[in-house]
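Numbering (the working numbering), first residue to last: 10 to 394.
Let me begin by presenting the structure, written as structure tokens, before commenting on it.
Okay, structure coming up:
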């Protein structure tokens, strides 16, 4: 009887240590960000201050506990960081390689001087570790999907994701307005991130194009804390397989002085500086040598006479017209539209996805295939470029 009781106590203590059942826990995540050929960033949130780290193992037949796995921490100037938001970059990886990982968080009760007092530990399950596969510019074919303008409609996001096999995708792209206002961390996760983690985001990375609604609300200034990029800005670029991707930030859709923004908008200057960055990107060797060139932006050109649309048209389109772009996909209007090459003042096709459809895109060599499906699973259009 004593032995049985002792074993029960040990089991409860182990469960508390591993999964944080005493109150301290992993509250949100983990999800994958800013993946490249040699690195990836894992993001999660704990219910209290903690020291967090990521353990990584190769994708082989060994158990995660088969040996000591390397640990990666978020550091700054030689010191490991603590807090509730954890953004750990795992570096030194091999391109096109699958890895397994788990996250650990050790509660920090007091951090006064050199005397750090720790509490409970919360971790993901080593028996069912998450995984990711790094990007690879040498691949001939890639597969990804795009959604936009979800506006915190988790049921729509879930329905759209049923149209794609996430195990076959290399990544997702969120092309803006995944939520209507960024008022708090809780509302952001409840709006779409928790559902994304549930469906795919712990093992399938997503790239995020900021929409105009992600610029609204007091928590909007924290956007980059949760969605880190290679540039440190909401506009950035990367290469995977034959395709070079440029993700632009269109900012707000009305003039900066509009009463709706409460005097807090400065997007004209921001877009102007971004255009200078874009000129450097399209002049880079990596961009020019890429067989396929794809642009993602939330607000499309040519679809309205609102200020944001006109400014995108004025600043970005002339640069891209000279750059040999193969496809631009957009959102914002909540309806489908397609301008073929030369349809307006564009030297490349512009596809605007609706708020109730998903783009399933395959790039093979220099060919692009786009399958568009709605929330009921019906294929509404197929485009071959």
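Quick reminder that beta carbons are idealized off the backbone N, C-alpha and C, glycines included.
{"Query": "Three-state secondary structure assigned by DSSP to residue 223", "Result": "helix"}
{"Query": "Residue interval of the beta strand (DSSP E) (run including residue 249)", "Result": "245-249"}
{"Query": "Cutoff 6 Å; reference residue 80; Cβ partners in own chain excluding five residues on either side", "Result": "62 and 64"}
{"Query": "Residue from 314, 202, 115 and 338 with nearest C-alpha to residue 126", "Result": "115"}
{"Query": "Contacting residues, own chain, Cβ-Cβ under 6 Å from residue 175 (five flanking each side not counted)", "Result": "209 and 213"}
{"Query": "Residue 72 burial status per 10 Å Cβ neighbour count (16 or more: buried)", "Result": "exposed"}
{"Query": "Integer-rounded CB distance, given that residue 46 should sit under 8 Å from residue 107", "Result": "About 13 Å; that fails the 8 Å criterion."}
{"Query": "Limits of the unbroken alpha helix (DSSP H) element including residue 283", "Result": "276-291"}
{"Query": "Whether residue 318 touches residue 256 by CB criterion (8 Å)", "Result": "no"}
{"Query": "Residue 302 classed as buried or exposed, judged by whether at least 16 other C-beta atoms fall within 10 angstroms", "Result": "buried"}
{"Query": "Neighbourhood of residue 334 by C-beta distance below 6 Å, restricted to the same chain and skipping five residues each side", "Result": "302, 304 and 357"}
{"Query": "For residue 170, the three-state DSSP class (helix, strand or coil)", "Result": "helix"}
{"Query": "Residue 278 versus residue 159: straight-line alpha-carbon distance, rounded", "Result": "28 Å"}
{"Query": "Per DSSP, cross-strand counterpart(s) of residue 188", "Result": "None, per the DSSP bridge assignment."}
{"Query": "Alpha-carbon to alpha-carbon, residue 130 and residue 207", "Result": "22 Å"}
{"Query": "Sheet register partners of residue 182 (DSSP bridge)", "Result": "155 and 216"}
{"Query": "DSSP three-state assignment for residue 19, whether helix, strand or coil", "Result": "Residue placement at residue 19 cannot be trusted, given a pLDDT of 40 that sits under 50; the coordinates are not used to answer."}
{"Query": "Whole-Å CB distance - residue 369 paired with residue 382, under 8 Å assumed", "Result": "7 Å"}
{"Query": "Pair within 8 Å by beta-carbon distance, residue 216 and residue 180", "Result": "yes"}
{"Query": "Residue range of the beta strand (DSSP E) that includes residue 327", "Result": "Segment 326-330 is the alpha helix (DSSP H) holding residue 327; no beta strand (DSSP E) there."}
{"Query": "DSSP state of residue 375 mapped onto helix, strand, coil", "Result": "coil"}
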